Ligand code: UDP
Ligand code: MG
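Numbering (the UniProt record's numbering), first residue to last: 24 to 186.
See below:
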């Protein structure tokens, strides 16, 4: 059972990133994982999961009054998702940049949504919007600790100016 699931390591920032069902069906999982790896983030949690409705509703609870909420929950539960924890310096903000704007027609080319999607309701990927929400979402999707493992990234000195 990994310590990092419930409490994040000191000085480490984590984001909850998820390939949505359309991304899985379209065969984009490998390409998406590559973008986070090549940037220099560390994969600390990974699992495939058929999302039950209650998890989707909890994850998106801030949007529960929005008109698109029922369709959003149906979409997230429409097929397996890939749940991930990415760790590293500035990962929450950086992941949002790699992902691109919510509406894929407004996402810049070079971003995941900008390159792979056209519709807000089929926008391929989720990324936490704050450090606080990152920890909250990791708690929701990785509550059992399954899919996580603690490991020391040995390329850290080649990515970070720290001793
Ligand atoms: N969404 C939608 N219609 C909208 C706005 C959002 O279907 O008009 C969906 C979309 O899948 C989006 C998710 O709801 O990714 C969460 O919305 P949020 O505003 O948090 O965008 P995100 O943080 O994913 O960029
Ligand atoms: Mg959001």
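We put the CB at the ideal spot given by N, CA and C, even for glycine. Bear in mind that the values here come from a model prediction, so they are computed numbers and not experimental data.
Neighbour-count burial assignment, residue i, 16 or more Cβ in a 10 Å radius
{"i": "residue 165", "result": "buried"}
{"i": "residue 90", "result": "exposed"}
{"i": "residue 147", "result": "buried"}
{"i": "residue 41", "result": "buried"}
{"i": "residue 109", "result": "buried"}
{"i": "residue 177", "result": "exposed"}
Cβ-Cβ distance between residue i and residue j below 8 Å
{"i": "residue 37", "j": "residue 62", "result": "no"}
{"i": "residue 106", "j": "residue 70", "result": "yes"}
{"i": "residue 79", "j": "residue 99", "result": "yes"}
{"i": "residue 111", "j": "residue 64", "result": "yes"}
{"i": "residue 160", "j": "residue 151", "result": "yes"}
{"i": "residue 121", "j": "residue 49", "result": "no"}
Residue from the options whose Cα sits closest to the Cα of residue i
{"i": "residue 158", "options": "71, 49, 82, 65", "result": "82"}
{"i": "residue 128", "options": "145, 113, 152, 55", "result": "145"}
{"i": "residue 141", "options": "184, 46, 92, 60", "result": "46"}
{"i": "residue 153", "options": "53, 50, 117", "result": "117"}
{"i": "residue 54", "options": "138, 185, 156, 181", "result": "138"}
{"i": "residue 52", "options": "131, 135, 130", "result": "135"}
Heavy atom of ligand 1 within 7 Å of residue i beta-carbon
{"i": "residue 125", "result": "yes"}
{"i": "residue 39", "result": "no"}
{"i": "residue 83", "result": "yes"}
{"i": "residue 144", "result": "yes"}
{"i": "residue 149", "result": "yes"}
{"i": "residue 86", "result": "yes"}
{"i": "residue 91", "result": "yes"}
Residue i: CB within 7 Å of a non-hydrogen atom of ligand 2
{"i": "residue 94", "result": "no"}
{"i": "residue 138", "result": "no"}
{"i": "residue 152", "result": "yes"}
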